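As they're listed, the protein sequences go chains B, X and P.
Using our numbering, the first residue of the first sequence is number 1, and each one after it goes up by one.
Using our numbering, the first residue of the second sequence is number 244, and each one after it goes up by one.
Using our numbering, the first residue of the third sequence is number 457, and each one after it goes up by one.
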Amino acid sequence: MNVFADAVAWIFSPDRLTGALPLPEAIWTHLAFTFVAVLIAAAVAIPAGWAIGHTGRGREIAVALSGAARAVPSFGLVLLLVLVLGVTHKVAASVTAFVLLAIPPILAGAYAGVEAVERRVVDGARSVGMTGRQVLFKAEVPLGLPLLIGGLRSATLQVVATVTLAGYVGNWGLGFYIVQGIQIRDFSQILGAALLIVVLAVVLDALFAILQRVVVPRGVAAGRAPDDAPARRRRRLPDPTTA
Amino acid sequence: MTWVLDNLDLIGRLTVEHLRQCVLPIVLGFLVSIPAGWLAFRFRLTRGLVLTVVGLLYTIPSLALFALLPPLLGISFLSEVNLVVALTIYAVAIMTRFVADALASVDPTVRQAALAVGYGPWRRFWQVDLPLAGPVVLAGLRVTAVSTISLATVGILIGIDNLGYLFTNGYQRQIVAEILAGVVAVVLVALVVDLLLVLTGRALMPWSRKVRA
Amino acid sequence: MRTTRRTALVATAATAVLALGACSGSDPLDGGSASSDAIVVGSQAYYSNEIIAEIYAQALEAEGFTVERNFSIGQRDAYMPALEDGEVQLFPEYTGNLLQFFDPDATATSPEDVYAALQEALPDGLTVLDQSSATDQDSYNVTESFATENDLTSIADLADLDVPLTLGGPAELEQRPYGPQGLKDVYGVDVSFVATGDTTVQDLVAGTVNVANVFSADPRIQTENLVTLEDPEGLFLASNVVPLVNADLADEIADVINPVSAALTPEGLVALNVQSTEEQRSSADIAADWLAENGLA
């Protein structure tokens, strides 16, 4: 447990407020990279996911592209984009790589949410005279929100851990301390920075858990979860042997 | 492009290394996540515990985990065991939820029917629950395999040679083609392994073809 | 029909997995477990260091030794334990940085003094062979226009500047004795530090930093017209290329490696680096040609 005590001591040392990257700035930039990447990914993936879920078209392409995107190593992509875009665009290069990482779970959450809405509900909405647009925004989207938030939650957790790699190319994020710690073999520094990233992830996860509860329309329970949301929630099905 | 043609040997060697390093974590992750997922599915008490633990493991940045394992495990900094253990941890973290969800997706009436015709809990798990959960387990295994292969590249930062070498070496030498070759090779390896898993799944679970995993 | 097809698929998949498993047993490049008679040559995760390691390896192979390569293993702090354990037995090193690793308060600065101090400072079980005249040491560089504008030739000149100075270098430079703190203590120069990873030269040229830590054998000092600032106070130790070797092995391989060190010149090292970065040749090809040109293989 001594290692952990040293890591905590590292975090709270007054030295963390000075130097090339003071700790508060590292935390702030780490979060900023995460939020910007998830926001851009959401702006791309949510409309696309809704369109796929609503029309039922393009699902195969979306699944195939998501699968390929998931296979792209973020580390290689960050370095590749820095070389291609130039060193004055390191932030843009890093964020782009993280956007690609965040798109698949958000896209899956968006279309799975819309798809999971029962046929009867959609038919009912149409039968009261709603247009296609109204069906989407008044029935499918609100009912699919829990799954969409699940996708955003999953994307955010992946990105907040992966933003660490931005510390390899520049002076930002908690990854800076991990990269530096590896080179100077300072394990309390590596562990201290890693613990902070875990704490950030846990806090973000808790916020999304609350959000997921808040957005559930009254009288509606969460439906099917998207394929790859690691933080998905599903109501436990009754087990006959315990019932 | 010339760079790629001049270095096919290197790319080939690193690809084999890379695959070799990833096979064990994927298999181990699969094996560990079956009982872990079952624990998360079966008992209310263990569910919260298991899912919290795997959720936390998932958030540890890979670079930090790779670097912290040698002192924690007491092994050499250069040992490949570091990478294998770290990748196994992530594989378990991803896979366990899928297994728990897969088991939960089995129709309770089928389970009751098995109970009614006299299946004990052990036999029922292997012959009823697991086969029916198969398609979702396979979906989880595919996600696990692809992310393991992609994540392994970070191992180069702790000195484990694999396709990640092309990233750091290409970055230092400013050779775009080298990094791009590495990215493409990783994607291809991941897609080939994914395809193999799909084919294996179809062969082992012919009933799943109509069900979307 | 159906069953046959299924069996075939399972067989294919199983074969694939077995084939992969089989690779694991027979890979000669797998580091860590050296077979008894093979010499394990290591290198830093630095392309130039890898070329020198490859030269050592090929020179040894030409003399009939069996060599295992364990290249690209990070920085000194990461690989030194492996050298002390004998897991890696031969490694291209740099005298000054190596001395500073074992003795952070070292005062020697000239090549000869550093080499002598290094031999004293090395732990038991490790020794160095002859040092080469080739050097690759940390140095502080500015762009030609920045040097002209501000009339800079030495690090000491930076102290009089009104311009805010930003020093770029790898993240660990912040903690090194010659880093920002060293600049302040030795030269009274105040800089803010920015980690620029492996793109320090590009960052200097692009203007994100105005002082850059560049290795002296980097060809881009010439191609990008950088000005290396003189270091009259000896902030940096001389850092000649030197083979760090397991003491048990030193006598056996000295006759092979010492001629390599003798043939490697400062300009020669820059030329090797040019072949790697400009001509994009592999370290194995560069090493083979160099050994042939120098009549060493």
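Each residue gets a CB set at the ideal place from its N, CA and C atoms; glycine is no exception.
For clarity, every value in this text was computed on a predicted model and none was experimentally measured.
Cα separation between B/T18 and B/G173? Approximately 15 Å between the Cα atoms of the pair.
As assigned by DSSP and simplified to three states, the class of B/P142: B/P142 falls in the helix class under three-state DSSP.
*Taking just the CA atoms, how far does P/Q531 sit from P/A744?*
Between the alpha carbons of P/A744 and P/Q531 lies a gap of roughly 25 Å.
Looking at the strands, I want to know which residues DSSP matches up with P/F547. DSSP lists P/L700 as partners of P/F547.
Interface residues of chain B facing X/A307 [CB-CB closer than 8 Å]: In chain order: T164, I178, I190, L191, A193, A194 and I197.
Taking C-beta pairs closer than 7 Å, name the residues in chain X that P/G530 reaches, listed in chain order. Residues of chain X passing the Cβ test: I401 and G402.
Check: In this structure, does DSSP put X/G413 in helix, strand or coil?
Finding: Three-state DSSP puts X/G413 in a helix.
* Straight-line Cα distance separating X/V429 from P/G488 -> With a pLDDT of 41 at P/G488, under the threshold of 50, the predicted position of this residue should be treated as unreliable, though the coordinate-derived value follows. If you draw a straight line from the Cα of P/G488 to the Cα of X/V429, it comes to about 24 Å.
* To do: For B/I178, count neighbouring C-beta atoms within 10 Å of its own C-beta (all shown protein chains included) and say buried if the count is 16 or more, exposed if not.
  => That one is buried.
Using the three-state DSSP reduction, which class does P/T583 fall into: helix, strand or coil? Judged by DSSP in its simplified three-state form, P/T583 adopts strand.
Are the C-beta atoms of P/A627 and some chain B residue less than 8 Å apart?
Interface annotation, P/A627: in contact with chain B, CB-CB separation under 8 Å.
Worksheet item: Which first and last residues belong to the alpha helix (DSSP H) in which X/R263 is found?
Response: Annotation: the continuous alpha helix (DSSP H) that includes X/R263 extends over L251 to R285.
To which residues of the same chain is P/V496 closer than 6 Å at the C-beta, ignoring the five residues directly before and after it? Excluding positions up to five away in sequence, the list reads A490, E524, N526, V544 and Q545.
- Query: How close, in whole Å, do the beta carbons of P/G552 and P/V570 come, if the pair is a contact with beta carbons under 8 Å?
  - Reply: For P/G552 against P/V570, the beta-carbon gap comes to about 5 Å, under 8 Å, which counts as contact.
Does B/A64 pass the burial test, meaning 16 or more other C-beta atoms within 10 Å, or should it be called exposed? B/A64 comes out exposed.
ask   = Do X/Q242 and P/D654 have their C-beta atoms closer together than 8 Å?
value = Residue coverage of chain X in this structure runs from 244 to 456, which leaves residue 242 of chain X outside it and unanswerable.
* To do: Decide yes or no for the touch test of the segment 658 to 677 of chain P against the segment 30 to 37 of chain B: beta carbon pairs closer than 8 Å, at least 3 of them.
  => Verdict: no, contact absent.
### Reduced DSSP secondary structure (H/G/I, E/B, other) of X/A329
DSSP, reduced to helix, strand and coil, places X/A329 within a helical segment of the structure shown.
Using 8 Å as the limit for Cβ to Cβ distance, is P/S732 near chain X? Closer than 8 Å to some Cβ of chain X, the Cβ of P/S732 qualifies, so yes.
C-alpha gap between P/T652 and B/N171, whole angstroms: Looking at the two C-alpha atoms, the distance is approximately 7 Å.
Exercise for review: Closer than 7 Å, Cβ to Cβ, to anything on chain B: give me those residues from the segment 657 to 677 of chain P, in chain order.
Suggested key: Cβ proximity to chain B below 7 Å picks out Q658, D659, A662 and T664 from the segment 657 to 677 of chain P.
Whole angstroms is fine: what's the gap from P/G690's alpha carbon to B/A71's? Rounded to the nearest angstrom, the two C-alpha atoms are 49 Å apart.
For the candidate residues P/Y502, P/Y512 and P/L578, whose alpha-carbon lies nearest to that of P/M536? Each of P/Y502, P/Y512 and P/L578 was checked against the Cα of P/M536, and the nearest Cα belongs to P/L578.
B/F75 - containing alpha helix (DSSP H), residue span:
For B/F75, the enclosing alpha helix (DSSP H) covers residues S74 to L85.
- Within its chain, find whatever has a CB closer than 7 Å to the CB of P/A694; leave out the 5 residues flanking it on each side and keep chain order. Spatial neighbours of P/A694 in its own chain (CB-CB distance under 7 Å, excluding positions within 5 residues in sequence) are listed in chain order as T551, G552, T565, S566, P567, V570, T591 and Q593.
Review point. Terminal residues of the continuous beta strand (DSSP E) containing P/D594?
Key: Residues D594 to T599.
Can you tell which of P/D674, P/Q514 and P/G498 has the C-alpha that lies nearest to the C-alpha of P/E723? Checking every option, the nearest Cα to that of P/E723 belongs to P/D674.
Cutting at 6 Å between CB atoms, please list the residues of its own chain near B/R224, excluding the five before and the five after it. In this predicted model, B/R224 has a pLDDT of only 41, less than 50, meaning its place in the structure is not dependable; the value taken from the coordinates is given anyway. The residues are A116.
* To do: For B/R70, go through chain X and note every residue whose CB falls closer than 9 Å to its CB, in chain order.
  => For B/R70, the C-beta contacts it makes with chain X under 9 Å involve V386, V389, S390, S393 and A433, in order along the chain.
Problem - Three-state secondary structure (DSSP) of B/F98 - result: B/F98 sits in a helix when the DSSP states are folded into three classes.
query = Does any C-beta atom of chain X lie closer than 8 Å to the C-beta of B/L31?
reply = Residue-level contact by beta carbon fails for B/L31 and chain X, as no gap is shorter than 8 Å.
Problem set entry | Within-8 Å CB hit, B/G19 to chain X | Output row for B/G19: interface = no.
- Message: Please list, in chain order, the chain X residues whose beta carbon lies closer than 7 Å to that of P/E630.
- Response: Listed along chain X is no residue with a C-beta nearer than 7 Å to that of P/E630; the closest approach is about 18 Å.
- So which residues of chain P does X/S319 contact, with C-beta pairs closer than 8 Å? Neighbours of X/S319 on chain P, chain order: G488, P537, A538, D541 and E543.
Just list the residues that DSSP pairs P/A651 with in beta bridges.
Answer is P/G625.
Sheet register partners of P/L682 (DSSP bridge): DSSP, once it has assigned bridges, lists P/T599 as partnering P/L682.
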